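Its first residue numbered 423, the sequence shown is counted upward by one per residue in the numbering used here.
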Amino acid sequence: HLLGHAIGLHHEHQRSDRDKYIDIVISPIPFGLTKLPIGAYHNSVAYDFCSIMHFPFDVYSTIPGQATMVTKVPPLQVPRIYPSVISPLDADDVRELYDLDCDNPRLCIPYPGQNKCDVTTSCIPTDLGFMCACRPGYKATTQTKDDLQWRQLWSTPGHEHRVFVKSGTTCDTLCDKIDVDPIDVCSDVTLIDQCFP
Numbered sequence: 423h424l425l426g427h428a429i430g431l432h433h434e435h436q437r438s439d440r441d442k443y444i445d446i447v448i449s450p451i452p453f454g455l456t457k458l459p460i461g462a463y464h465n466s467v468a469y470d471f472c473s474i475m476h477f478p479f480d481v482y483s484t485i486p487g488q489a490t491m492v493t494k495v496p497p498l499q500v501p502r503i504y505p506s507v508i509s510p511l512d513a514d515d516v517r518e519l520y521d522l523d524c525d526n527p528r529l530c531i532p533y534p535g536q537n538k539c540d541v542t543t544s545c546i547p548t549d550l551g552f553m554c555a556c557r558p559g560y561k562a563t564t565q566t567k568d569d570l571q572w573r574q575l576w577s578t579p580g581h582e583h584r585v586f587v588k589s590g591t592t593c594d595t596l597c598d599k600i601d602v603d604p605i606d607v608c609s610d611v612t613l614i615d616q617c618f619p
């Protein structure tokens, strides 16, 4: 967290656009939860609940476990504890701050000529950034390695069945379960928490 500050990152919950994602439910608002003005914060990536720069939900509370920040985009949640590792979006933010030319294999760029998703997938926006998504009801071959493909919680209801893959991965296999409740489609592919493993 402190190294994040040293290299130019700010608190995620203080972003100028944070009111779209969280509510501050403590009054008066402590300085550490105030919103930074537009332009004072580099926030070119999606709001990141998993950021090492995000405070936990009960920070500044006088009663442990009583929320001071709550989500506006369930099922995503404000962290319960201080995140202890950098998230993929933290890494992307640093890459953009320093204009570094390296890729995050879990994210895609939705522009012609820069999109590295296979033609059997689409580069779609999620709560964690743009990712290569298989067509509904499809997954990557018969492999179920978590580092190749995964399902994740995101704030578009009814899409928990979508399978996401690393850039360049082909999604050409029908999921094992298709005539079931939408959340159970492709349930043989691991459903991860909102943060990447």
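Glycine is no exception: its CB is placed at the ideal position from the N, C-alpha and C atoms. Keep in mind it's a predicted model, so treat the numbers as computed, not measured.
>> Between which two residues does the alpha helix (DSSP H) holding Arg-620 run?
In response: Residue 620 is absent from the model: the chain starts at 423 and stops at 619.
> Out of curiosity, what's the CA-to-CA distance linking Leu-519 and Gly-430?
Replying inline: As a working note, residue 519 is residue 97 in the sequence shown. As a working note, residue 430 is residue 8 in the sequence shown. Between Leu-519 and Gly-430, the C-alpha separation is close to 8 Å.
> Are Cys-556 and Val-607 touching if we call contact CB-CB under 9 Å?
Replying inline: Locating residue 556 in the sequence shown gives position 134, counting from the first residue. Locating residue 607 in the sequence shown gives position 185, counting from the first residue. Against a cut-off of 9 Å, the Cβ pair of Val-607 and Cys-556 comes out as no contact.
> Apart from the five residues just before and just after Ser-449, which ones in its own chain have a Cβ nearer than 7 Å to its Cβ?
Replying inline: On the sequence shown, position 27 is the one that residue 449 refers to. Short of 7 Å from the beta carbon of Ser-449, and not among the five residues preceding or following it, lies no beta carbon of its own chain.
>> Using 8 Å as the cut-off, can you tell me whether the region 538 to 547 makes contact with the region 479 to 494, which would need three or more C-beta pairs spanning the two stretches below that distance?
In response: The region 538 to 547 vs the region 479 to 494: no contact.
> Would you call Gln-436 buried or exposed, if buried means 16 or more other Cβ atoms sit within 10 Å of its Cβ?
Replying inline: Within the sequence shown, numbered from 1, the residue matching residue 436 stands at position 14. Gln-436 counts as buried, since no fewer than 16 other beta carbons sit within 10 angstroms of its beta carbon.
>> Rounded to the nearest angstrom, what separates His-583 and Leu-613 at their Cα positions?
In response: What you label residue 583 is simply residue 161 of the sequence shown in a count that begins at 1. What you label residue 613 is simply residue 191 of the sequence shown in a count that begins at 1. Spanning the two alpha carbons is a distance of roughly 9 Å.
>> Using the Cβ count rule (16 or more neighbours within 10 Å means buried), how would you classify Ser-589?
In response: Reading the sequence shown from its first residue, position 167 is the one you call residue 589. It is buried - the Cβ of Ser-589 has at least 16 other Cβ atoms within 10 Å.
>> Between the alpha carbons of Thr-677 and Cys-593, how many angstroms are there, rounded?
In response: Outside the shown range of the chain (423 to 619) lies residue 677, about which nothing can therefore be said.
>> Is it buried or exposed, Ile-444, if we count other Cβ atoms within 10 angstroms and call 16 or more buried?
In response: Position 22 of the sequence shown, counted from the start, is the residue given in the question as residue 444. Ile-444 should be labelled buried.
> Could you give the distance in angstroms between the alpha-carbon of Asp-486 and the alpha-carbon of Pro-501?
Replying inline: Locating residue 486 in the sequence shown gives position 64, counting from the first residue. Locating residue 501 in the sequence shown gives position 79, counting from the first residue. Before going further, note that residue 486 is Pro rather than Asp in the sequence given. Going by the C-alpha atoms only, they are around 14 Å apart.
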